[in-house]
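Reading through the structure tokens given below for one structure.
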Amino acid sequence: MSLLRHAERQIANLGKYSHLNAFINVADHESVLARVAASAESSPSTDNVNARSPFGRLIAIKDNICTADLPTTAASGILKLLKSPYDATVVKQLREAGAITVGKTNLDEFGMGSHNLHSHFGASKLVRGGEERSAGGSSGGSAVAVATGQCWAALGTDTGGSVRLPAAYTRTVGFKPSYGLLSRWGVIAYANSLDTVGILGQNVESVEGVFDSLDFYDPQDPTSLPPSTRSRLPKQGSGGAKTLKIGVPMDYNISTLDATVRKAWLRSLQLLQARGHTLHTVRLPATQHALSAYYVLAPAEASSNLAKYDGIRYGSRAEGKDGIPDSVLFAKTRGEGFGPEVQRRILLGAFSLSAQAIDNYFIQAQKVRRLVQQDFDNVFATPNPLMTSQPEVDGEGVDVLLCPTAPTLAPKLSEIKGQQPLHAYMNDVFTVPASLAGLPAISVPVHADEGVKAATEEASAWSGMQIIGQYGDDRVVLDLAKELFESASPGP
Amino acid sequence: MLANNARRAFALLQKRPYICQSCLRRARSLPLVHARLPKARTIQTATSGAQTPPNDDAPFRKVLKDAAKQKKKDNRSASGASKKSSKAGDARLEKWELTVGIEIHAELNTARKLFSGAATSANATPNTHVALFDTAFPGSQPHFQKETLLPALRAALALNCEIQHRSSFDRKHYFYQDQPAGYQITQYYEPFARDGHITLYPHDFPAGVCPEDGPIIIGIKQVQMEQDTAKTVQQPPSTYLLDFNRVSHPLIEIISLPQLHDPVTAAVFVRKIQTILKAVNAVTAGMEMGGLRADVNVSVKQKYGQSTNNIHSYHGVGELGQRTEIKNLASVKAIEDAIVAERDRQIDLLENGGVVEGETRGWTLGSKTTKRLRGKEGEIDYRYMPDPDIAPVVIGQELVDHLQQTLPALSDETVSTLVDSSTYGLTIKDANTLILLDDSDRLDFYYDVVEHLRTIFSEQPQIVSRLGKVAGNWVLMELGALFKNEEWSPTKVTPDQLASVIAHVLRKQITGSTAKRLLSMKFEGDARSVEQIIADEDLFLSPLTRNEYLHLAQSLVDEKAAMAKDIVEKQQLGKLKWLVGQMMARSAEGTVEPATAEAVLREILHLPPMEQK
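Chain order of the listed sequences is A and B. FYI, UniProt numbering numbers position 226 of the first sequence as 226, with every residue one higher than the one before it. FYI, UniProt numbering numbers position 42 of the second sequence as 42, with every residue one higher than the one before it.
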């Protein structure tokens, strides 16, 4: 099938699945197709339908990543009309690789949420078996767009699981690279020290192809990994030829783990063992504190990062007069512009940074974060290239970890709508540790049972399995993800 | 090696194409524009606050005179005021000890902003030098400009600080429309410089208020780098325009230890810091334009006896009374007056059995007392957080050593050289003026003139000893007057030309007024040498004979008999000067010397001879 044929089908799906609300703004269909046609013409060889190359492919961009052609809203009322004068570096890199941006995808406001319910533009969602289900958050729109064929691949952002969780819920592949590999210049900050651009695709190849286009040093991003450090990272993975030691973190086998998910986890381990890899149980004791640490640190940074939104230099202001003589001129604007979850996290963060609480919350959480990272360094066979001193590895150490991405399958919207916020936070329990440590992690869809055909009513029994690697071992993670993806697929 | 690197960095900085060239030009010309007024006078403005700017047409000498007068007046009234306020008073100050700590913010002299490549600017069209990050645009990130460290390090070294190998940046949160990110990036947890001090010498104090117990050492707790805010331009009644050119202009904040015990000393401390920062080329001209901002902490305690109140400790200095903070003082005068007002308020309060609250207070120029802004419960919690986007700054010892070695001479050493050495012998005031003018270009020029003169008169020791003082007058007064409305340039009249003019006067070859005319001809671009002009225009002094003098004087006395009578009988000696002027006016230029003319006049009128100077 040609590039243009793919694009036409994806454009058609935009209309077909518009009720899923995956997009906030969509590029003009005709000009998108015209650009695909031009690409196809300029490179008429068969290579242009390469499964990996983003050339001539439609890519959706999460709407917290700046684009000069379409508005960038972060799904917030306060930025609902924002036009960025510049493209984020990752968008620029994709355009240079020949990709065509098809639109800006829905998300939880500023990336804060686990079900994509907290969007100024309404929830993005899944429909399975006639029931509305959570698309996961915060990159829910990107995941739905990929899952329903409205694009070839999509960019998301992952701060505590925001790419991996939606991938797990929507039966797509979601990859969060090592922190610092992909540029954040032009990515609207939620929690800078955790924010990572992530990639969603229908298979590992497309995700890897996009990753190849973005994995470069960017001087515009002060946290971009410099070339000197990049040169110390492994250039490529094993290509699947090497047998890996796969760690099974027993601390992730929690009592509230959904039985279907546990079944898929076991099946994944068996599949990989059958391919010659070895399994090893490991302990990550700090994991039990990781979620609490994350929900202290991320809101703290968020409360700081979101202080800039006042509607003065850009963005929307509240109607009428704002401010009283004794206050700033944007109290009302912020009150109206931010949704309830964002307000909640700003308040949480402002509290944990306050003089009375910083020692017991922010500082403690930073210590936990360090422990979480040490946990990982303790179990991986390869040393962390960012650390100067290395901890003692227990035994030989493992190459990667395999665990579920989320403790449950995609929940029904009807079940989560009245939930306490804390319930939603629980969905991030398995994804947050890799975020705190800055490690590469990917979610791969695996069905609990063998021989299941795609897109049946049983499709809802697809779980996300997460592979986590040592810092910089992104290729190792991608290679194993390909093996798992292939062996778990029902076949053509 | 390192020196080369540093030099290359400086050269690069100048060549960077994306630094707005017009701004750099403007920045260069700025101090020159202000050189119209001698800097001593500008600082004076800061001291006196409410003074009106001098008429631009006023002769340079008059400007200086007025400045000196004003200074005397201020000193009188300042000491008078403090005496008055403590009349009740003096005894109270015997009983109570004042303790002051000061935080000073100064704009660093850098080409670019602290966290973006945008150029810094002083008077550019609003919002023309603003990078995405400066407006806190979504998705933008800080780009720390390493070069901004150089003036900051020079400042810290000049303040005798220990440069920290590692420092880092934190976010200080507060909402205000001039703060686009909702936080200021500053150095709270790990400042780049700590544990410095400066020494206040007698010459730093205004005449008559120098403390008797010799030099005073004031500790500097730390120096930190931080961002400036946007400029708010009010458009009454209810419009506020924001100019983001100033956002993220690099500042340093200098925090003193609470070791100041006198309002005058506090003022001298701030002025001295200004002078030091300027001497090492660390700050923009903006500081004299009102860019100085300071916060002061004030507390009092009983000098003798135990007081249970003295339980507070600030920056490791213990046994102090409860302090208050007075924010946002914009001049040296304001600092001094606010401290006096707050000291007296606290003493009043305590003597009447009250308690000083730890609170933030404000002070406006001209007011008698400080005003409560907010109490402890209203304190802003800045929620300091390390900035996750900015890597720690690591400063190598080699760079510190290099900057230390190349640090310009500090004004203390220069002042004592100019005042105490036999080569120069200037007054403290003239020495300070020379140092402050045109980034010390005027001082270099002065050194050159003296050097030329010393060569010319190397055989005449009696003249050599006067050269420094004479050259100082010509450089500051006569040449200064010519540059009143122009940018200073050391090439319009070169040091050797001025030295030649002065030498002719000292040899009595030309009169003083001829010399001034010569100077102004050279200034206007006459290409001939000084000697050539004197020869061409026949300017050599060809004195009248004694008989000619007597004849001229006698005819004048006869003509103005009434005046002569007043002079003799009423001792109205001032009128002698008028007669001298007449004698000069009635003769060819360069023929009448005022001193000889006056001597002859006195002779005819049977007055005692002039006192020898």
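All C-beta atoms in this analysis are idealised placements derived from N, C-alpha and C, irrespective of residue type, glycine included.
Three-state class that DSSP yields for residue i in the structure shown
i: Ile-339 (chain B); result: helix
i: Ala-119 (chain B); result: strand
i: Glu-131 (chain A); result: strand
i: Gly-77 (chain A); result: helix
i: residue 614 (chain B); result: Only positions 1 to 613 of chain B appear in this structure, which leaves residue 614 (chain B) out of reach.
i: Asp-310 (chain A); result: coil
i: Asn-328 (chain B); result: strand
i: Tyr-446 (chain B); result: helix
i: Leu-350 (chain B); result: helix
i: Phe-269 (chain B); result: helix
i: Thr-232 (chain B); result: strand
i: Lys-333 (chain B); result: helix
i: Asn-25 (chain A); result: strand
i: Thr-414 (chain B); result: helix
i: Gly-366 (chain B); result: coil
Sequence-distant residues of the same chain with beta carbon closer than 8 angstroms to residue i, five excluded per side
i: Glu-415 (chain A); result: none
i: Lys-575 (chain B); result: Met-563, Asp-566 and Ile-567
i: Leu-541 (chain B); result: Lys-508, Gln-509, Ile-510, Thr-511, Thr-514, Gly-590, Thr-591 and Glu-593
Local Cβ density within 10 Å of residue i, reported as buried at 16 or more and exposed below that
i: Asp-438 (chain B); result: buried
i: Ala-481 (chain A); result: buried
i: Gly-320 (chain A); result: exposed
i: Asp-474 (chain A); result: buried
i: Tyr-240 (chain B); result: exposed
i: Phe-36 (chain A); result: The question names Phe, but residue 36 (chain A) in the sequence shown is Val. By the neighbour-count rule (16 or more Cβ atoms within 10 Å), Val-36 (chain A) is buried.
i: Tyr-189 (chain B); result: exposed
i: Val-233 (chain B); result: exposed
i: Ala-595 (chain B); result: exposed
i: Lys-417 (chain A); result: exposed
i: Thr-135 (chain B); result: buried
i: Lys-176 (chain A); result: buried
i: Gln-405 (chain B); result: exposed
i: Tyr-304 (chain B); result: exposed
i: Leu-81 (chain A); result: exposed
i: Ala-561 (chain B); result: exposed
i: Thr-388 (chain A); result: exposed
i: Gln-93 (chain A); result: buried
i: His-165 (chain B); result: exposed
6 angstroms CB neighbourhood of residue i in its chain, flanking five on each side removed
i: Gly-247 (chain A); result: His-280, Val-282, Val-379, Val-398 and Leu-401
i: Leu-4 (chain A); result: Val-36, Ala-37 and Ala-40
i: Gly-77 (chain A); result: His-120 and Gly-337
i: Ser-500 (chain B); result: Val-530
i: Thr-199 (chain B); result: Pro-215 and Ile-217
Beta-carbon contacts of residue i that lie in its chain and below 7 angstroms, excluding the five residues immediately before and after
i: Ser-53 (chain A); result: Gly-209
i: Ser-119 (chain A); result: Ala-75, Asn-106, Leu-107, Asp-108 and Glu-109
i: Glu-598 (chain B); result: Leu-576, Val-580 and Met-610
i: Phe-242 (chain B); result: Going by the sequence as given, residue 242 (chain B) is Leu instead of Phe. Excluding sequence neighbours, Leu-242 (chain B) sits near Gln-177, Asp-178, Ala-230 and Thr-232.
i: Asn-360 (chain A); result: none
i: Phe-330 (chain A); result: Asp-310, Gly-311, Ile-312, Asp-322 and Gly-323
Counterpart residues of residue i in DSSP-defined beta bridges
i: Ser-458 (chain B); result: BP columns for Ser-458 (chain B) are empty, so no partner.
i: Ile-218 (chain B); result: B:Ile-198
i: Pro-249 (chain A); result: A:Val-282
i: Asn-297 (chain B); result: B:Gly-101 and B:Glu-325
i: Asp-178 (chain B); result: Answer is none; Asp-178 (chain B) lacks a bridge partner.
i: Leu-260 (chain B); result: B:Val-100
i: Pro-388 (chain B); result: None, per the DSSP bridge assignment.
i: Gln-420 (chain A); result: Partner(s): none; Gln-420 (chain A) has no beta bridge.
i: Glu-162 (chain B); result: B:Arg-194
7 angstroms Cβ cutoff, residue i in contact with chain E
i: Thr-135 (chain B); result: Included in the structure are the protein chains A and B, with no chain E among them.
Report task. Starting from the N-terminal side, write out each stretch of the beta strand (DSSP E) that is 3 residues or longer and does not extend beyond the segment 339 to 379 of chain A. Result -> none
Query raised in the report: Along the chain, which unbroken stretches of the beta strand (DSSP E) at least 3 residues long are found entirely within the segment 141 to 168 of chain A?
Result: 153 to 158
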